[in-house]
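Single-structure report; data block below.
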Amino acid sequence: MHTISLHRRALLGGALASGGSAAVAALFPQWARARSAHFAGNSADALSGEDIALAIARTPFTLGGRTASATTVNGTLPGPLIRLREGQDVRFAVTNHLDVDSSMHWHGLLVPFQMDGVPGVTFPGIRPGETFHYRFPVRQSGTYWYHSHSGGQEGTGLFGPIVIDPAGGERVAADRELIVMLSDWSFMPPMEILRKLKAQPDYFNYQQQAWFEAPSGKPMSVADKLRWGRMRMSPSDIADVTGATYTYLVNGQGPDANWTGLFHPGERVRLCVINASAMTIFNLRIPGLPLTVVAADGSDVKPVETDEIQIGVAETYDLIVTPQDQAYTLFAESIDRSGYARGTLAPRAGMSAPVPALRKPPLLTMKDMGMGGMAGMAGMHGMEGMDHGAMSMRDPANAPGVALTPGVDMIAPMPVDRTGDRGLGLDGVDHRVLVYTDLEAPGPRADISPPTREIVVHLTGNMERYMWSFDGKRYSAIVEPIRLARNERVRFKLVNETMMTHPIHLHGFLFDLVNGKGDRLPKKHTVSVLPGGFVAFDLTADAPGDWAFHCHLLLHMIAGMFNVVTVRPLDGGAA
Amino acid sequence: MRYALAIPSAAIAAALWTMPALAQGTGHEGHEMSGMQMPGMESSQPVPEAPDKMQGMDMPGHPVMDHAMHAMPKEPAKPVPHMPPPPAALSGPAHAADAYYPDGEMTHARTMMTGEMGGIHTTLVMLDRLEAQTGKGGDGWAWEGGLRTGGDIDKLWLKTEGEGGIGGGVEDAEAQALWSHAIGPWFDLQAGVRHQFLTGPDRTQLAVGVEGLAPYMFDVSAAAFVSSQGEFTARISVAVDQRLTQRLILQPRIEANLSAQDVPAIGLGSGVTSLRPGLRLRYEIRREFAPYVGVEWQKQFGRTASMTRGSGGNADRIIALVGLRVWF
Chain A
15 MHTISLHRRA LLGGALASGG SAAVAALFPQ WARARSAHFA GNSADALSGE DIALAIARTP
75 FTLGGRTASA TTVNGTLPGP LIRLREGQDV RFAVTNHLDV DSSMHWHGLL VPFQMDGVPG
135 VTFPGIRPGE TFHYRFPVRQ SGTYWYHSHS GGQEGTGLFG PIVIDPAGGE RVAADRELIV
195 MLSDWSFMPP MEILRKLKAQ PDYFNYQQQA WFEAPSGKPM SVADKLRWGR MRMSPSDIAD
255 VTGATYTYLV NGQGPDANWT GLFHPGERVR LCVINASAMT IFNLRIPGLP LTVVAADGSD
315 VKPVETDEIQ IGVAETYDLI VTPQDQAYTL FAESIDRSGY ARGTLAPRAG MSAPVPALRK
375 PPLLTMKDMG MGGMAGMAGM HGMEGMDHGA MSMRDPANAP GVALTPGVDM IAPMPVDRTG
435 DRGLGLDGVD HRVLVYTDLE APGPRADISP PTREIVVHLT GNMERYMWSF DGKRYSAIVE
495 PIRLARNERV RFKLVNETMM THPIHLHGFL FDLVNGKGDR LPKKHTVSVL PGGFVAFDLT
555 ADAPGDWAFH CHLLLHMIAG MFNVVTVRPL DGGAA
Chain B
262 MRYALAIPSA AIAAALWTMP ALAQGTGHEG HEMSGMQMPG MESSQPVPEA PDKMQGMDMP
322 GHPVMDHAMH AMPKEPAKPV PHMPPPPAAL SGPAHAADAY YPDGEMTHAR TMMTGEMGGI
382 HTTLVMLDRL EAQTGKGGDG WAWEGGLRTG GDIDKLWLKT EGEGGIGGGV EDAEAQALWS
442 HAIGPWFDLQ AGVRHQFLTG PDRTQLAVGV EGLAPYMFDV SAAAFVSSQG EFTARISVAV
502 DQRLTQRLIL QPRIEANLSA QDVPAIGLGS GVTSLRPGLR LRYEIRREFA PYVGVEWQKQ
562 FGRTASMTRG SGGNADRIIA LVGLRVWF
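Protein sequence lines, in the order shown, are assigned to chains A and B. Per the numbering used here, residue 15 is the first one in the first sequence, and the count goes up by one each step. Per the numbering used here, residue 262 is the first one in the second sequence, and the count goes up by one each step.
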């Protein structure tokens, strides 16, 4: 039997890659790359302590025999693991060796706003050749990540994991820890992807319903074609950017390279899963292994077992698995099933397990069109019998507060609370799927109180023009931030008026997801809002300053789905 | 349309505006109210307590049930009021970072940031049709393309099209420079100038029209022109892409040309001067690069047809064509 019984923070588990060339391997950080089996002990390569230097630079990145220039941190993609301890102070010296401005944002960390790293909101950015000194106390624990907030650089590799060990010891014991950082890589630069989408919004979609092809398995009836055509929308519009250009990566490695995490059979392994994609929502599963979710977005939750998780961009989940003496495939399918990221959990190097086939791409449903409010009502069953003529898909009365600009192609007629719903395309799956209502704080929280007011934010867009916005206004056209008074308790209600899932991130706070759990609401920093649905979260505005608030699909943010949340008064003289 | 063309161009524009396709969505970003997104603007109607009541209800004729449907099924029924922010929220500096960083630096960074998040400008060069045509009356070639550059709402749009005989050089060609402004989610209003290089005398015209996506995915373009000679003409084209497979696309397309008066100098009679229904089948090797084959019926009417016949041309013919659609 095994004698390993180390503390989580002393463990940075045996991440191993096979199949990569030496030149490729040089670009992966130690934690993501091949190493001798059963490594257990202090990570030699994780950056820790109070002074950490990070260098942003262009580095060649090779994938599938093709090499491109990536933007990296300390020369690797993903960047190095930053391992901190709750309660410590940390100083980051971030040097920009690019020829354009850059920045670093600590995603999910509660920092003073001027250390949050959003150019034009919290600081001026880091000019070429300059070093910016971040300094803040570490007030929390859990799995987080860091990424650039400039020029789409997070879409070209500028991101890495952060793990913070709790001051009081880990609540959930594990024998080993593995980091699983999912991402998407394209040889087409993000801005060129955006230009293509503005020219032709279905540019990357090769899974559309056609006269002689039905990738989702169900040929479309003429009546359905007409219904969707009349709305000028497509039921197969699931992901803007797909496997047609993306290779999906686990810890920087493509499916063929087969990143492998090693374990001793029977160990409790903690997987710190981070979705660092620019544009890809993943369905994550490990066939044969139940997943016990113990933390979401860095904060502990009451352990809940599941078989599959739809993980939005920028979300993190900590999972406990107990693998036996065999190999398992870690399979992260893109939401539109146009490709997958794949790795292996194995007791020995060189093993692999069957790789599941991609499932058929999903189609949008009536509920995704924002007609969920009619489900269960008399005579309303699915699309059939539905007279769309009586249903306006762009009625301002259904969303007061939205400016009906050219950037708004629809208003969901009857959006519903979908926190209890499975993610897009997972309704018919015959195993357990995590939903937001499964998440609950481990114990009663004293800091939960009723909000005094509600702020409704509508997520709006126009797929045909590839415009995205809040309340119908792109950030470039917005003049008014969302203003909070310091320490007031507010509820944000995010209403999705589009047919896409939007992972919405608010900087500076861990908000309380309103999912019916009373005084055990789970904390999150990013929340996926399903199409035609809404999500509410409460927060206490205890962090003065200006905070970015945006869709974490990179190109949605760049297209304008962004605003600033202000909290006043500021501290001391600055107020 | 024919009668509308006999009246001034403003009326033509008005007629185009009333096309059913335009009926919805004329939201104007320039007309946005800066306070629209203020929470206080939301209805302060309380959230009803028991969403269960909704079950079994008949559908109302018009679903103005917004707030009812927004009820939280699982939360205790506590209405959360929609109110403007407390006064403290409006205190302090407009931009918190100005207290920590030199003002000029933040101003610069803010400008950059604001431009980036929604203000991106893009440029696209299109060659929608570059084709060789063969049929009764001789072989020829034709092109239609352009360049558009700008943001989401306002763009500069240059268009060109023309045709010629094989070996005979360009016969008719035109170029347009248009300002294009989004007038709704689906349509742009376009205005500018057109110059026609014709076998007869050239023409320079003011152009005004609309272009966009009509219900049922029809790509529609309609424009009216008034020349420096005071002649009114118009052109409407409608196309729809039918996706046979992921890369094979059948495109029925029709173009109609109209004239409000006889213009013998350039061979036009009043009324519908020509119709060009066609069918093109393209294969997208890449989205930007698609060869195609097709057929087109080139039919002229009335005095336009007689004038063409009089000069030895063909006023009614079916052509076969092979071409290339490219954009970058």
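Ideal Cβ placement from N, Cα and C applies to all residues, glycine included.
- Scanning its chain for C-beta atoms nearer than 8 Å, with the 5 sequence neighbours on each side dropped, one finds around B:Met367 the residues His356, Ala358 and Asp359, in chain order.
- When Cβ pairs closer than 8 Å are counted between the two stretches, the region 403–419 of chain A is seen not to touch the region 335–343 of chain A, the count staying below three.
- Against chain B, the CB of A:Ser490 has a partner CB under 9 Å away; the residue lies at that interface.
- Residue contact with chain A for B:His369: present (Cβ-Cβ distance below 9 Å to some residue of chain A).
- DSSP places A:Val416 outside any beta strand (DSSP E), giving it a letter other than H or E.
- Flagged as an interface residue toward chain B: A:Thr136, by a C-beta distance shorter than 9 Å.
- DSSP places B:Glu422 inside the beta strand (DSSP E), whose first and last residues are Asp415 to Gly426.
- In this structure, DSSP gives A:Glu502 a state outside helix and strand, which the three-state scheme calls coil.
- DSSP lists B:Ala403 and B:Gly584 as the beta-bridge partner residues of B:Glu392.
- For B:His369, the enclosing alpha helix (DSSP H) starts and ends at Asp364 to Glu377.
- Counting along the chain, A:Val236 sits inside no beta strand (DSSP E); it lies in the alpha helix (DSSP H) bounded by residues Val236 to Met245.
- By the Cβ criterion, the region 156–163 of chain A is in contact with the region 174–188 of chain A, since at least three pairs of Cβ atoms, one from each stretch, lie closer than 8 Å.
- Residue state for B:Gly532 is assigned as strand, using DSSP reduced to three classes.
- Around the CB of B:Phe458, fewer than 16 other CB atoms lie within 10 Å, so the residue is classed as exposed.
- If the five residues before and after A:Arg72 are omitted, its C-beta is found closer than 8 Å to the C-beta atoms of Ser83, Ala84, Thr85, Thr86, His111 and Leu112, all from its own chain and listed in chain order.
- In the structure shown, A:Tyr450 adopts helical secondary structure according to DSSP, grouped into three states.
- Taking the Cα positions, A:Leu520 is about 43 Å away from B:Leu388.
- Around A:Tyr342, no beta-carbon contact reaches into chain B at under 7 Å, the shortest distance being about 33 Å.
- By the Cβ-count criterion, A:Arg497 is buried, with 16 or more other Cβ atoms from all chains shown falling within 10 Å of its own Cβ.
- Residue pairing from DSSP places B:Ala517 in a beta bridge opposite B:Ile497 and B:Leu536.
- Residue contact check for B:Ile580 against chain A: no CB pair falls below 9 Å.
- Using a Cβ distance threshold of 9 Å, A:Phe506 and A:Val471 count as a contacting pair.
- An exposed status is given to B:Lys397, since fewer than 16 other beta-carbon atoms sit within 10 Å of its beta-carbon.
- The three-state secondary structure of A:Ala107, taken from DSSP, is strand.
- A:Met571: member of the alpha helix (DSSP H) spanning Leu568 to Ala573, first to last residue.
- Taking the CA atoms as reference points, A:Ile288 sits about 10 Å from A:Gly312.
- DSSP places A:Ser313 in the strand class (E or B) of the three-state scheme.
- Taking 9 Å as the CB threshold, A:Leu240 lines the interface with chain B.
- In the structure shown, the three-state DSSP call for B:Met387 is strand.
- In the displayed model, B:Leu511 falls within a strand according to three-state DSSP.
- Contact of A:Pro558 with chain B is assigned, a C-beta pair being separated by under 9 Å.
- Using a Cβ-Cβ cut-off of 7 Å, A:Met481 is close to Asp413 of chain B, given in chain order.
- DSSP places A:Thr256 in the coil class of the three-state scheme, outside both helix and strand.
- A:His570 is positioned such that its CB atom lies closer than 9 Å to that of A:Trp482.
- Listed along the chain, the chain A residues whose CB falls inside 7 Å of the CB of B:Thr506 are Ala224, Phe226 and Glu227.
- A check of alpha carbon separations from A:Glu329 across A:Phe548, A:Leu584 and A:Thr540 identifies A:Thr540 as the nearest.
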